[in-house]
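With my numbering applied, the sequence shown corresponds to residues 67 to 484, in that order.
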Amino acid sequence: MSPDPRTVSAAEFPDWMRAVGTGFLRAASTPVPEEEIALRLAHADLARVQGVFDAGRCVATFRSFAQELTVVGGAGVPADAITAVTVTPTHRRRGHLSRMMATDLAAAKERGDVVASLIAAEYPIYGRYGFGPATWTAEWEIDVPRAGLDPRARVPSEADGGRIELVDGADVRKLGPELHSRLAARQHGVVSRDERWWQRNTGVDVPVHETWTEPFYAVYRSADGETDGLVVYRADAHWGDRKQPLNTATVSSLIAVTPAAERALWQFVCSIDWITTVRTGYRAPDDLLPLLLPDPRAARVVTQADWLWLRVLDVRRALEARTYATEGALVLEVRDGAGLAGGRFLLDASPSGASCTPTTRDADLTLDVAELGTLYLGDESPVRLAALGRLDEHRAGAAASADALLRAPRRAWCPDVF
C-alpha cells in the first residue's frame with residue numbers, strides 16, 4: 067500500500083525541510099541548521115503543511131498559505147497559494163502529489179478561497195489539477211551604450227520635479243508595503259506580500275542556504291514628496307582587458323505606480339557609471355521599458371515564459387469580482403473533473419458590475435476549469451483557445467464575444483515568485 071499524505075508535526079518538520087531540499091536539488095545529506103528550522107517553523111501553518119512518509123522518512127512535500135490576488139479592476143480575492151511541492155525521485159508516479167493536491171484544494175474550497183495559485187516549476191504537471199497559466203513573464207537584457215540615452219542628462223528630468231534617492235533595507239521595510247498596496251490596486255496579477263516577505267527580501271532572517279548580498283535600493287519621489295517607485299538592483303565588477311568597465315546591473319525588483327516613476331527609475335539604472343548591461347528581472351510581457359529607450363533594439367528578450375498559474379475554485383465569485391470594459395452576456399459550461407467548480411453559469415456583465423449565476427440555458431462556450439483559469443485575468447484570448455481546440459464554441463461568434471468581454475487593456479503581471 068502506498069503511504070497516504072498527512073499533515074506534518076513540529077517534530078517531523080526538519081525531515082520535511084530536508085525532503086524539500088532534495089526535491090529542489092539542494093544538498094540532500096547536509097543537515098538543515100536548527101536556526102533555519104526554527105525560523106521556518108515560526109512562519110508555517112502546520113495545518114497546511116503536508117508530507118508523505120515511508121519507513122519514517124519524508125518522501126513528498128506540499129504547503130499552502132493564505133494569499134490575496136488582484137484581479138482585473140483592482141479588487142482582491144482570497145487565494146490558496148501553493149508552494150514547496152516535491153516528490154523524492156525514488157517515489158515518483160505513485161499518486162502522492164495527486165492526493166496532496168486533492169486534500170489541499172478541498173480544504174481551500176471549504177475555507178472559501180476563490181482561486182488557488184502557484185508558480186509552476188514544470189509546465190506539464192498542473193493542468194491535470196485544473197490550473198491554467200494566467201500570467202506570463204519576460205526579461206530583457208539592455209545594451210546600455212546602444213540604447214541612445216544621454217549620459218549627461220539628469221535623472222529624472224527637472225521637468226517633472228521628481229527625484230531619486232538611495233535608501234537602505236530599513237527604509238524599504240517602512241516604505242515598501244504601502245507602495246506595493248498602491249501597485250496591487252492598479253495591476254491585476256499582483257499577489258499580496260506579508261511582513262515576512264519584506265524581511266526576507268531586505269536581508270532579515272534569510273535562510274542559511276540562500277546566499278545574501280546586500281543590493282542597492284533606490285526610490286523615486288514625486289514633486290510632492292510621495293514615494294511612487296522602488297528599484298532593487300545589484301551590480302558585478304567586470305572590467306575589460308583595456309581597463310574598460312563592462313559591469314552588469316541586475317534588477318531584482320522594480321515597482322512603480324506612475325509612468326513618471328517607471329521612466330525615471332529605468333533611466334536611473336541605465337545611467338549608472340560603469341554599467342554597460344542591464345538585466346531587467348522578470349517583467350510583464352508588454353512592459354514599457356523597451357519603448358522608453360531611444361533605440362528599443364538595445365533591449366533583447368532573454369526570457370519569456372508562463373508564470374502565475376490559477377485554478378478557479380468558485381466560478382461565481384471569481385467572475386463577479388473582476389470588472390469588464392464592455393457589456394455582454396455569456397453562458398459558460400465549465401467542466402471540472404474534481405467536482406470543485408463545475409457547472410453551467412450565466413455571466414451578465416457591464417462596466418457597472420457583473421452577476422454570475424447557475425443557469426439551464428444552452429451553453430455558448432464549453433471549457434475546462436483550467437482554461438477558465440487561463441482566461442480569468444484577461445491575458446489570453448478565447449478565440450485563440452477555440453482555434454487550439456481548448457474550448458468549444460456552440461454559438462457562432464461566442465468566442466469573439468467572450469474575447470471582448472474578458473480581455474484586459476494591459477497584460478496581467480505577477481512580480482513575485484513563491
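C-beta atoms are modelled at their ideal positions from N, C-alpha and C, and glycine is treated no differently.
Member of the options whose CA lies at the smallest distance from the CA of residue i
| i | options | result |
| --- | --- | --- |
| Thr201 | Thr152, Glu437 and Arg456 | Glu437 |
| Arg129 | Val153, Arg239, Gly122 and Cys422 | Val153 |
| Thr343 | Arg212, His275 and Asp290 | Arg212 |
| Thr149 | Glu207, Ser183, Asp290 and Gly242 | Ser183 |
| Pro97 | Asp111, Lys240, His109 and Trp82 | Trp82 |
| Leu296 | Gly306, Thr324, Leu171 and Ala429 | Thr324 |
| Val368 | Glu207, Leu357 and Arg72 | Glu207 |
| Leu357 | Val257, Leu471, Lys175 and Gly214 | Gly214 |
| Asp445 | Tyr299, Leu471, Ala429 and Val74 | Leu471 |
| Arg388 | Asp361, Ser416, Lys240 and Arg366 | Ser416 |
| Pro155 | Gly87, Ala104, Val143 and Val115 | Gly87 |
| Leu331 | Leu359, Leu312 and Asp209 | Leu359 |
| Arg123 | Asp361, Arg84 and Tyr286 | Arg84 |
| Trp340 | Gly439, Ala364, Asn313 and Asp361 | Asn313 |
| Val138 | Gln310, Ala420 and Ala204 | Ala420 |
| Gln253 | Arg329, Glu386, Pro351 and Gly140 | Gly140 |
| Arg218 | Thr425, Gly178 and Ile338 | Ile338 |
| Arg287 | Ser319, Glu328, Ser318 and Thr277 | Glu328 |
| Ala236 | Pro281, Asp226 and Asp209 | Pro281 |
| Ala519 | Leu91, Arg401, Glu100 and Ala289 | No answer is possible for residue 519: it lies beyond the span of the chain, which begins at 67 and ends at 484. |
| Arg300 | Val317, Arg92 and Arg220 | Val317 |
Under the three-state DSSP convention, the category residue i falls into
| i | result |
| --- | --- |
| Val233 | strand |
| Ser319 | strand |
| Leu406 | coil |
| Thr432 | strand |
| Thr149 | strand |
| Val400 | strand |
| Trp202 | strand |
| Ser416 | strand |
| Val180 | coil |
| Phe79 | helix |
| Gly295 | strand |
| Val285 | strand |
| Arg382 | helix |
| Ala93 | coil |
| Thr277 | coil |
| Ala395 | strand |
| Val270 | coil |
| Trp479 | coil |
| Asp560 | This structure leaves residue 560 out entirely; the chain is present only between 67 and 484. |
Residue i vs residue j beta-carbon contact at 8 Å
| i | j | result |
| --- | --- | --- |
| Arg158 | Asp70 | no |
| Thr127 | Gly89 | yes |
| Leu413 | Leu379 | no |
| Phe131 | Leu107 | no |
| Leu245 | Thr293 | yes |
| Gly193 | Leu443 | no |
| Phe197 | Arg377 | yes |
| Tyr189 | Asp372 | yes |
| Leu112 | Val151 | no |
| Ile185 | Val483 | yes |
| Ala284 | Ile230 | yes |
| Val115 | Ala145 | no |
| Ser447 | Arg477 | no |
| Leu354 | Cys480 | no |
| Cys422 | Arg382 | yes |
| Ala250 | Gly117 | no |
| Ala404 | Leu163 | no |
| Thr426 | Glu399 | no |
| Ser68 | Gly178 | no |
| Thr268 | Val238 | yes |
| Val335 | Ala365 | no |
| His109 | Arg262 | yes |
| Val274 | Glu386 | no |
For residue i: DSSP bridge partner residues
| i | result |
| --- | --- |
| Leu135 | Val143 and Val257 |
| Glu207 | Arg345 and Arg366 |
| Val98 | DSSP, once it has assigned bridges, lists no residue as partnering Val98. |
| Cys124 | Phe119 |
| Pro311 | Trp305 |
| Cys336 | BP columns for Cys336 are empty, so no partner. |
| Leu374 | Ile185 |
| Asp458 | Thr432 |
| Cys422 | Leu413 |
| Ala85 | Per DSSP, none; premise fails for Ala85. |
| Arg129 | Val115 and Thr149 |
| Arg46 | A question about residue 46 goes unanswered here, because the residues of the chain that appear run from 67 up to 484. |
| Arg218 | Beta-bridge pairing links Arg218 to no other residue. |
| Leu72 | Note that residue 72 is Arg in the sequence shown here, rather than Leu. DSSP, once it has assigned bridges, lists Gly117 as partnering Arg72. |
Q | the stretch 387 to 394 contacting the stretch 456 to 474, beta-carbon criterion three pairs below 8 Å | A | yes
Q.
With a threshold of 8 Å, are at least 3 pairs of Cβ atoms found where one atom belongs to the stretch 327 to 346 and the other to the stretch 408 to 422?
A. no
Q | Three-pair Cβ contact test at 8 Å for the stretch 248 to 263 versus the stretch 304 to 320 | A | no
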